[in-house]
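Working notes, structure below.
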Amino acid sequence: MNEMNEVRKPPVATTGIIGWLRINLFFNWTNSLITLFVIYCLYQFIPWILDWTIFSADFKYNYLGEQITNQEMCSRNLDPENGGACWAVIYVRFYQFIYGFYPKVEVWRVNVAYAMLALALLPLLYAKLPYRKYFLYFTYIFPVIAYFLLNGGLGFTEVSTNKWGGLLVTLVLGCTGIALAFPIGIMLALGRRSKLPVISMICTLFIEFIRGVPLITLLFFGMVMLPLFLPEGIDMDGLVRVLVAVTLFQSAYMAEVIRGGLQAIPPGQYEAAKSLGMSYWRMNLLIILPQAIRISIPPIVNTSIGLFKDTTLVIIVGILDLLGIGRGTLADTNWLGLSYEIYFFVSLVFFIFTFGMSRYSLYLEKKLKTGINMGAD
Amino acid sequence: MSEESIISLKNVNKWFGDFHVLQDVNLEVKKKERIVVCGPSGSGKSTMIRCINRLEEHQEGSIVVDGIELTGNLKNIDNVRKEVGMVFQQFNLFPHLSVKENITLAPIWVKKMPKAEAEELAMRQLEIVKIPEQANKYPGQLSGGQQQRVAIARSLAMNPNIMLFDEPTSALDPEMIKEVLDVMVDLANGGMTMIVVTHEMGFAKTVADRMVFMDEGKIVEEASPDKFFNNPESDRTKLFLSQILHQ
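Here the protein sequences come in this chain order: S and P.
Here the first sequence is numbered in the numbering used here, starting from 60 and rising by one per residue.
Here the second sequence is numbered in the numbering used here, starting from 20 and rising by one per residue.
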């Protein structure tokens, strides 16, 4: 009888670290062999990559202590036995990677814009930010400020966009593309589901056309054809043309993603909203879209990450984004042969941004899930 | 009869594709009258009440609610929907909003009520349906019976003259049916005009002023509960009642 009252603990080997190891890494013979093999590979690889990227790498000076100004001075080119990555190329060309050919005198404007971008993202990233409402107002007007700041006007000297480059172009294209495509995508998605045949047909045609064409084609289209549609004498900026193409492309994808979310909303939600006397727009803004967008967060972030990386395609219409600057540097005789370093650096920068976006989406999903059970009714 | 009718359906016809779901339906409902509609599934009873607030469009005949005729005119539809509340079989609460927000949403956005006033109203409605303590929970955290009572409170917050109930207890576990029916009985005793589609015959007997029996898109029989249950005219009604009462 006493045994009934004793609290029985689970077997030792199934809990804690040992339990975890047993279940996940050493569950049976095959499993254990694979684990040991992977550990061996990591043992071989990790020291090598750490040595190449950090311990034997040149950052500013080579192993002789000279400041590196071209690839011949890299340790590994002076002595193949000695030296890993030659990061000096990034150090020397850092300005170009981050700002392109933006005039040095005016570069503070880009820095201010970068700082403002961080500030504008803050209320989106932290829902519990004090005075979030006022930060959000700033987020809404940030694009206008950034335009004048970067481009000039309102007392600032004009800096033509062909001087922009590097991370600046990547961020301008990525952020504008994503931010504009979101509302346009919502409108297209609603339009495609509209009961009015004309609206639905226009939206469907638009989406299908844009989705059916490669982004590169759209970029060429923007560069070559767009000016033909504009009235005589109005010259559209090259970057703006590319931006139009990128935004159209992204909004078509965004529309389909959001349409998927809309389709998951049960008809009862529409009926309940209508029976309470809500108009079409109120119903969509207050009831349908908040739920549909919530469902679509993973694919929305997925396409956004896709776009952020696809901005590198602008290189083919002669705009130098981060990757473009990298390739430009490689073509410089001073830095020939440093493709590992340059591509590694470019990849790392892209990875930091896209990984950040991916983590943000997980955070959003977790936050919005609190207390909501979509399946319950 | 028609001079005090608040709802009047005249020769209403509706088709789903080729399926003739409502066939010459005529129904007059007086102010404060409680109508219970029953019939086998597929008989068009849900479709009929959904036509009354235009969740479904009728194709022939006329539907007049509180003096407003339902046509393609969007303004009329909005006005009718402000008069008519509806409770659904599946509750259809908004899962992304708390119970309180579910109730305040329409008063704030449709009636332009100040937020504080709407919240006060929401709490009053939750008192009426006897779950004020659930105000800050989300629908997914409530039982079916509680959710349905929130749905009733949400409808009542718009201060409708007419309430439509579309099988409000059919999706509930048996032990939760009573708590919802109790709220509906209170509402009926308070003088609300109600049309209730339900198979809860006990509820029908206590509350209904008039029973409406539908089959195959037609109103087969309309009678007082007393006559309907004890001495129905049509054979179809008799068969239905024998099936529903002898389980």
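All C-beta atoms, glycine included, are put in the ideal place defined by N, C-alpha and C.
This structure is a prediction, so every number in the text was calculated from the model and none was measured.
Just reading off the alpha helix (DSSP H) that Arg53/P is part of, what are its end residues? In the DSSP annotation of this structure, Arg53/P is not part of any alpha helix (DSSP H); the continuous beta strand (DSSP E) holding it starts and ends at Arg53 to Cys57.
Quick one: Cα of Gly211/S to Cα of Gly224/S, how far? 16 Å
Cβ separation of Glu240/P and Pro251/P, assumed to be a contact under 8 Å, to the nearest whole Å: Contact between Glu240/P and Pro251/P holds, since their C-beta atoms are separated by about 6 Å, short of 8 Å.
Which residues in the same chain have their Cβ closer than 8 Å to the Cβ of Tyr419/S, if we skip the five residues on either side of it in sequence? Leu184 and Val360
Work out the CA separation of Ser60/P and Ala179/S for me, nearest whole Å. When rounded, the distance between both Cα atoms is 56 Å.
Assuming Met295/S contacts Leu289/S (C-beta within less than 8 Å), just tell me the rounded distance between them. 6 Å
Taking its Cβ as the centre, do 16 or more other Cβ atoms sit within 10 Å of Gly434/S, making it buried, or is it exposed? Bear in mind that the predicted position of Gly434/S carries a pLDDT of just 41, short of 50, making it unreliable; the figure below should be weighed with that in mind. Counting Cβ neighbours within 10 Å, Gly434/S comes out exposed, since fewer than 16 surround it.
Quick check: Arg251/S and Ala314/S, are their CB atoms within less than 8 Å of each other? yes
Rounded to whole angstroms, what is the Cα-Cα separation between Thr212/P and Cys57/P? 17 Å
Assess, as a yes-or-no matter, whether the region 152-172 of chain P is touched by the region 125-134 of chain P under the definition of 3 or more beta carbon pairs within less than 8 Å. A contact is defined here as three or more CB-CB pairs under 8 Å, and the region 125-134 of chain P fails this definition with respect to the region 152-172 of chain P.
To the nearest angstrom, report how far apart Pro69/S and Leu423/S are at their CA atoms. 35 Å
Inter-residue CB distance, Leu298/S and Ile378/S (contact presumed, cutoff 8 Å): Indeed they touch by this definition, with Cβ atoms about 7 Å apart.
Scan the region 86-98 of chain P for residues whose Cβ lies nearer than 7 Å to a Cβ of chain S and list them as they occur along the chain. Asp97
Just grab the DSSP bridge partners of Met322/S for me. First, the amino acid is wrong: residue 322/S is Gln here, not Met. Note: Gln322/S sits in no beta bridge, so no partner.
Kindly list the residues whose CB is nearer than 6 Å to the CB of Val118/P, restricted to its own chain and excluding five residues on each side of it in sequence; keep chain order. Gln153, Ala154, Lys156 and Val169
On the DSSP letters alone, give me the boundaries of the beta strand (DSSP E) that Ile181/P sits inside. Ile181 to Asp185
Backbone secondary structure at Lys49/P - three-state DSSP: Annotated three-state conformation of Lys49/P is strand, per DSSP.
Helix, strand or coil for Ile238/P, going by three-state DSSP, please let me know. strand
Going along the chain, which unbroken runs of the alpha helix (DSSP H) with 4 or more residues stay wholly within the region 256-302 of chain S? 256-270, 274-279 and 285-288
Cutting at 8 Å between CB atoms, please list the residues of its own chain near Pro151/P, excluding the five before and the five after it. Met142 and Leu145
C-beta atoms of Gly142/S and Ser134/S nearer than 8 Å: yes
From Ala144/S to Thr112/S, what distance separates their C-alpha atoms? 6 Å
What residues are listed by DSSP as bridge partners for Gln126/S? Tyr120/S
Report yes if the C-beta distance between Val148/S and Leu407/S is below 8 Å; otherwise report no. No, the Cβ-Cβ distance between Val148/S and Leu407/S is not below 8 Å.
Count the other CB atoms within 10 Å of the CB of Arg100/P; is the residue buried (16 or more) or exposed (fewer)? buried
Chain S partners of Pro187/P, CB-CB under 9 Å? The contacting residues do not exist; Pro187/P stays about 13 Å from chain S at best.
Assign Cys262/S to one of two classes, buried (16 or more other C-beta atoms within 10 Å of its C-beta) or exposed (fewer than that). buried
The beta strand (DSSP E) spanning Phe35/P covers which residue range? Ser24 to Phe35
My assumption, with CB atoms under 8 Å, is that Val216/P sits in contact with Arg53/P. Please give the rounded CB distance. So it is not a contact: roughly 13 Å between Cβ atoms.
Along chain P, in chain order, which residues have C-beta atoms closer than 7 Å to that of Ile346/S? Phe113
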